[in-house]
Amino acid sequence: MRTMQIKNILIATSFVVLLLGCTAHGDHTGREYAPNMYHSVAYEPLSQITDETAGRWVNSLDNGPTRGEYFNSNKYNPYRMNMREPAPHTVKRNQFGWLPYRSKKVAKDSIDFITTGMKNPLDSTAAVVAAGQVLYQSNCLHCHGVKGMGDGKVSDKFAGVANLKGDSYLGISEAHIFHVITYGAGLMGSHGSQVSPEDRWKIAKYVKVLQKQK
Amino acid sequence: MPKPKKRFEIMTSKCRFVHLRIKGGTLTHMMKRLFSGIFTCVSTFLLCLLLSYSVQAQELPTDAAAITAGEALFNANCKTCHRVKTKLIGPALAGVETRVPSLGWIVNWVHNPAKVIGSGDDYANKIYAEYQKSQMTAFTSFKDEQILSIIAYVKAEAAKPDAAPVTAAAGGTGSGSSEPSAYLDAILVGMIIILILLVVILILIVSALRKFLDTKELSEEDKEIVNSPITFSSVTRSPGFIFLVIFIVSTVTFKSVIDGLYSIGVQKNYQPKQPIAFSHKIHAGQYEIECKYCHTGAAKGKQANIPSTNICMNCHSQIKAGTNTGEGEIAKIYAAVGFDPATSTYTGKTKPVEWVRIHNLPDLAYFNHSQHVNVAGVICQTCHGPIQEMDVVKQYNLLTMGWCIDCHRKTDVNTKGNAYYDKLVEIHNKKSFKVEENGGLECAKCHY
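Protein sequence lines, in the order shown, are assigned to chains A and B.
Numbering that gives the first Met the number 0 puts the first residue of the first sequence at 0, with every later residue one more than the last.
Numbering that gives the first Met the number 0 puts the first residue of the second sequence at 0, with every later residue one more than the last.
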């Protein structure tokens, strides 16, 4: 009778301890219910499991006794990644059929020369300026500041942020702004990979509006 | 000894005080020189009268008003490329007033650097060559006295001793979240003190009662009960104690079992160590960098994306030491992107950084970031929690189906400025309607 009781208590506590191990914390992901559903068989972007035997214990695939179901890695790609860069010498067109901006990075004093004649393809509508403002806030504000005075929070640490309302910047064209966002200038880095050409033109529109504000 | 020839070239007001030193020569020669000396002085004096404004300004203003004005101008126009004491894109400006040929030279240079370089000026060409032939922007609209006030500011600033590094500035910010727990601690301590007091009072009552009973005549049985000592076994065998222990153990067990069962398949509080100790608290919190600046996919596609290292380099090309970890962690970015911080050049040897994925929906559920971020206008913190306060990111919410559904039931559809919803708004009598009413609970919206 007494041993039975102790046995029952032991079983109950071990059950609790086991269950406590299910909770995710720190480096431990926690237990999964029906793990096959969490692990994609198809290549999953931003994920990579290079261990071929991972998930062998729940394997429902017909891929041999040594392979697991969690394996998710493309061995033909560089670094066995699932994502890969576009094929070389291919270009992306956007929904309006625009080709990428093809000018090269040039010295600061040549920007005006090479952007001469370039026009912002977008109209100066309130919607474009409003969209430009949203994009400015997420991409430019932390350095150039709310009013464009070069006083964003990052400028405390990153020296050399341009004051967009400074004398030398008031006269720059929208194409100049477009070029600088694409390739950077001075200490500013290239933002061509983050901001699409269409968004760059929208930001340029907004910056010109911002420069006229007091 | 200055050569007399020089005199004719110095066209400043100080010319008047240059002594005419003449060595030998004929009287006519002497007269000629004397006249030309007088002519120089007179012409300079006339120039002074004519351009009294600008020539007065050739001396650096020292009043506080001019220095303040100079500071404002410096911050608005020069700070992009120049600092007072450190070299940036352009040279450090401290001591510039003594370095350059003359104050007039600075005025000309700021107005039109190209012209000064083109004129064959030695100093201008030396600077131009030193800075890889990148020419300073011309500031044509500046008045002379504005330029001199900037120089006055630079001189005043250069004279100041170096400020002591501010170390404690970032320290005092983390107290906000600990306040409620401190409050709870106070309550807990208070309750423990009350309990101890209660126990003391009870002991006192028991001893008082015992003394009272001792004075009375009691039967043998009663005496035994009164005088029976309280031993460990008498306590553990009392039915009250057994009930209490069983009750506590079973309650805790029941709670743990239920919590444990509910946590299966839920990765809330998963907080793995990442290969680079990137702190969202510093980037998104302290420096207020928008999430979408780095997570470029959030507004555009299904995945929010892990930023590529070139985005890190937009700032870390210059910021080479971190706030928390110094140079060690940033060096990992440089190794991945192939950047030599000593020379600020790229080596071309790149390798990917293997981040640990935290938020992971099961394959059976479809989720699209852009629909939530761009169309619904949901801010990142709604699902990801206070990321801007996390040094190490953890999964803040459950990410279970019940959690999704709950939000779809409570949240109004963001119909503002979205023509797609115009007719729906009309059908709903121009009132807001919930995501639930727009098919937000349909199985096939997320499971297909």
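C-beta atoms are modelled at their ideal positions from N, C-alpha and C, and glycine is treated no differently.
task = For the alpha helix (DSSP H) containing His-178(A), list its first residue and its last residue.
result = Your numbering for residue 178(A) matches position 179 in the first sequence. 173-182 is the span of the alpha helix (DSSP H), which, as asked, contains His-178(A).
For Leu-169(A) and Ile-176(A), I'd like the C-alpha separation in whole angstroms. What you label residue 169(A) is simply residue 170 of the first sequence in a count that begins at 1. What you label residue 176(A) is simply residue 177 of the first sequence in a count that begins at 1. Approximately 11 angstroms between the Cα atoms of the pair.
Quiz prompt | Interface residues of chain A facing Ala-75(B) [CB-CB closer than 9 angstroms] | solution = Indexing the second sequence from 1 puts residue 75(B) at position 76. Ordered by position in chain A, the residues that pass the 9 angstroms Cβ test against Ala-75(B) are Met-148, Gly-149, Asn-162, Lys-164, Gly-165 and Asp-166.
>> Using the three-state DSSP reduction, which class does Asp-411(B) fall into: helix, strand or coil?
In response: Stepping through the second sequence from its first residue, residue 411(B) is reached at position 412. If DSSP states are grouped into helix, strand and coil, Asp-411(B) belongs with the strands.
Suppose you measure from the CA of Pro-385(B) to the CA of Pro-90(B); what does that come to, to the nearest Å? Residue numbering aside, residue 385(B) sits at position 386 when the second sequence is read from its first letter. Residue numbering aside, residue 90(B) sits at position 91 when the second sequence is read from its first letter. Rounded to the nearest angstrom, the two C-alpha atoms are 42 angstroms apart.
* Give the straight-line distance between the Cα atoms of Gly-165(A) and Leu-45(A), rounded to the nearest whole angstrom. => Here residue 165(A) corresponds to residue number 166 of the first sequence, with the count starting at 1. Here residue 45(A) corresponds to residue number 46 of the first sequence, with the count starting at 1. One C-alpha to the other measures close to 42 angstroms.
Exercise. Pull up the distance between the alpha-carbon of Lys-433(B) and that of Tyr-365(B), whole angstroms please.
Key: Counted from its first residue, the second sequence places residue 433(B) at position 434. Counted from its first residue, the second sequence places residue 365(B) at position 366. The straight-line gap from Cα to Cα measures roughly 20 angstroms.
Can you give the Cα-Cα distance for Tyr-269(B) and Asp-390(B), rounded to whole angstroms?
The residue you call residue 269(B) lines up with position 270 of the second sequence. The residue you call residue 390(B) lines up with position 391 of the second sequence. So the two alpha carbons sit approximately 14 angstroms from each other.
Between Cys-21(A) and the rest of its own chain, which residues show a CB-CB distance below 6 angstroms, the 5 nearest in sequence each way excluded? For the purposes of this step, residue 21(A) is identified with residue 22 of the first sequence, where counting begins at 1. So the qualifying residues of the chain are Gly-29 and Arg-30.
Going by the DSSP bridge assignment, what does Tyr-345(B) pair with across the sheet?
Numbered from its first residue, the second sequence carries residue 345(B) at position 346. For Tyr-345(B), which the question treats as bridged, DSSP gives the partners Phe-338(B).
Q) Which residues of chain A have a Cβ atom closer than 7 angstroms to the Cβ of Phe-366(B), listed in chain order? A) As a working mapping, residue 366(B) is identified with position 367 in the second sequence. None at all; the shortest Cβ gap to chain A is about 13 angstroms.
Exercise. Going by alpha carbons, who is nearest to Lys-213(A) out of Lys-201(A), Leu-163(A) and Ala-174(A)?
Worked result: Counting from one through the first sequence, the residue named residue 213(A) turns up at place 214. Taking only the C-alpha atoms, the option nearest Lys-213(A) is Leu-163(A).
Where DSSP assigns a beta bridge to Tyr-122(B), which residues make up the other side?
Numbered from 1 along the second sequence, position 123 holds the residue referred to as residue 122(B). BP columns for Tyr-122(B) are empty, so no partner.
Under the three-state DSSP convention, the category Ile-146(B) falls into
The count along the second sequence starts at 1 and reaches residue 146(B) at position 147. Ile-146(B): helix per DSSP, three-state reduction.
Original post:
Can you name the residues that DSSP bridges to Tyr-269(B)?
Top reply: Counting from one through the second sequence, the residue named residue 269(B) turns up at place 270. According to DSSP, which records beta bridges pairwise, Tyr-269(B) is partnered with Gly-25(A).
query: Are Ile-275(B) and Tyr-32(A) close, meaning C-beta to C-beta below 8 angstroms?
result: On the second sequence, position 276 is the one that residue 275(B) refers to. On the first sequence, position 33 is the one that residue 32(A) refers to. No, they are not a contact pair.
Chain B contact for Gln-94(A) (CB, 8 angstroms cutoff)
As a position in the first sequence, residue 94(A) is number 95, starting the count at 1. No, Gln-94(A) lies away from the interface with chain B (no Cβ there is under 8 angstroms from its Cβ).
Check: For Asp-111(A), which of Gln-4(A), Asp-150(A), Thr-12(A) and Ala-174(A) has the nearest alpha-carbon?
Finding: Indexing the first sequence from 1 puts residue 111(A) at position 112. When only C-alpha atoms are compared, the closest one is Ala-174(A).
Identify, in the order they occur along the chain, each residue of the same chain with its Cβ nearer than 8 angstroms to the Cβ of Glu-197(A), setting aside the five sequence neighbours on each side. Walking along the first sequence from the start, residue 197(A) turns up at place 198. So the qualifying residues of the chain are Asn-93, Phe-95, Trp-97 and Leu-121.
For Arg-356(B), which residues in chain A fall below 7 angstroms Cβ to Cβ?
Start at 1 with the first residue of the second sequence, and residue 356(B) comes out as number 357. In chain order: Leu-45 and Ser-46.
task: Could you name the residues of the same chain whose beta carbon sits closer than 6 angstroms to that of Gln-370(B), not counting the 5 residues immediately before and after it, in chain order?
output: Taking the first residue of the second sequence as 1, we reach residue 370(B) at position 371. Closer than 6 angstroms at Cβ, skipping near neighbours: no residue.
Note to self: Out of Leu-17(A), Lys-6(A) and Ile-8(A), which one is the CA nearest neighbour of Leu-260(B)?
What the structure shows: The sequence position of residue 260(B) within the second sequence is 261, counting from 1. For the residues Leu-17(A), Lys-6(A) and Ile-8(A), the minimum Cα distance to Leu-260(B) belongs to Leu-17(A).
- Message: Below 7 angstroms on C-beta distance, what does Tyr-224(A) contact in chain B?
- Response: Look at the range of chain A in this structure, 0 to 213, and you will see that residue 224(A) is not part of it.
By the 10 Å Cβ neighbour count, where 16 or more other Cβ atoms means buried, how is Asn-62(A) classified, buried or exposed? By one-based count along the first sequence, residue 62(A) stands at place 63. That one is exposed.
| Taking the Cβ atom as the reference point for each residue, do Ala-298(B) and Val-372(B) lie within a distance shorter than 8 angstroms? | In the second sequence, the residue the question calls residue 298(B) occupies position 299. In the second sequence, the residue the question calls residue 372(B) occupies position 373. In this structure, Val-372(B) lies closer than 8 angstroms to Ala-298(B) by Cβ.
TODO: Since I believe Val-225(B) is in contact with Leu-217(B) (beta carbons under 8 angstroms), could you give me their beta-carbon distance rounded to a whole number of angstroms?
DONE: Against the second sequence, residue 217(B) aligns to sequence position 218. Against the second sequence, residue 225(B) aligns to sequence position 226. At roughly 7 angstroms, the Cβ-Cβ gap stays under 8 angstroms, so Leu-217(B) and Val-225(B) are in contact.
For the putative contact between Ala-158(A) and Arg-82(B), defined by C-beta atoms under 8 angstroms, what is the C-beta separation to the nearest angstrom? Residue numbering aside, residue 158(A) sits at position 159 when the first sequence is read from its first letter. Residue numbering aside, residue 82(B) sits at position 83 when the second sequence is read from its first letter. 6 angstroms between Cβ atoms; contact.
Q | Rounded Cβ spacing between Ala-151(B) and Gly-69(B) (contact assumed at less than 8 angstroms) | A | Within the second sequence, numbered from 1, the residue matching residue 151(B) stands at position 152. Within the second sequence, numbered from 1, the residue matching residue 69(B) stands at position 70. Correct: roughly 5 angstroms between the Cβ atoms.
- prompt: Hey, how far is the Cα of Ala-63(B) from the Cα of Asp-143(B)?
  reply: Sequence index remark: in the second sequence, residue 63(B) carries index 64 (1-based). Sequence index remark: in the second sequence, residue 143(B) carries index 144 (1-based). Cα to Cα, the separation comes out at about 18 angstroms.
query: Are the C-beta of Arg-82(B) and some C-beta of chain A separated by less than 8 angstroms?
result: Mapped onto the second sequence, residue 82(B) falls at position 83. Taking Cβ atoms only, chain A reaches closer than 8 angstroms to Arg-82(B), which makes this a yes.
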